[in-house]
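In what follows, a structure is listed as structure tokens, so that the remarks can point back to it.
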Amino acid sequence: MRSFDLSPLYRATVGFDQIADLMDRALASDVGQNTYPPYNIEKTEDDAWRISIAVAGFSENDLSIEVRDRSLHITARKAEDDAERKYLHRGIATRAFERRFHLADHVRVTGAAHENGMLHIDLVREVPEALKTRRVEIASAAKTDANLVEAKSVN
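Numbering (the numbering used here), first residue to last: 29 to 183.
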């Protein structure tokens, strides 16, 4: 595995620390990481997404969803009630898992639903009014100079 030093980026840029951190996380992630449980990420609108996770065998009480430090954490712990059951074949995996998703700025979780063995988590990006694009009107120099001249002559 290769290792890249991204510290020169910090010297030459201001405010791009998150991009460098994201690249660092992407390069450091293990290719053979756990793929359980399978999930989909779909774009539902321009600023909205839905994460769907296959959680067959888990009830709402077994699942936990938390948002902390701009990360979405989904965990599942199955209660051990299978002690009296004897399986001839057990193909449905109900092992405990933890899945994390890093959230971008201003993305928040709006809701979650558990139906038909799928956990659906809805996300939306809500940019604050102060950060939205705004148009600045340009005043002409002739109007500005005329007002200043009139103001000086009156005084």
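Glycine included, C-beta positions come from ideal geometry on N, C-alpha and C.
Cβ neighbour criterion (16 or more within 10 Å) applied to residue i
i	result
E165	exposed
I149	buried
N183	Any reading at N183 is ruled out, since the residue's pLDDT is 48, under 50, leaving its predicted position unreliable.
V83	buried
I81	buried
CB contact flag (residue i, residue j, <8 angstroms)
i	j	result
K106	F86	yes
R162	V152	no
L147	L100	no
E70	W77	yes
A121	A104	no
H134	V155	yes
I79	Y67	yes
A140	I93	yes
Start-to-end residues for the beta strand (DSSP E) that takes in residue i
i	result
A167	Where A167 is concerned, there is no enclosing beta strand (DSSP E), given that its DSSP letter is neither H nor E.
R136	135-143
E157	Per DSSP, E157 belongs to no beta strand (DSSP E) and is neither H nor E.
A107	Premise fails: A107 is in no beta strand (DSSP E) and is neither H nor E.
T72	67-73
H130	125-130
Cβ separation of residue i and residue j, assumed to be a contact under 8 angstroms, to the nearest whole Å
i	j	result
R118	I102	Incorrect: roughly 23 angstroms between the Cβ atoms, too far for contact.
L131	R98	5 angstroms
Residues sharing a beta bridge with residue i, DSSP
i	result
D150	R78, G139
E94	H101
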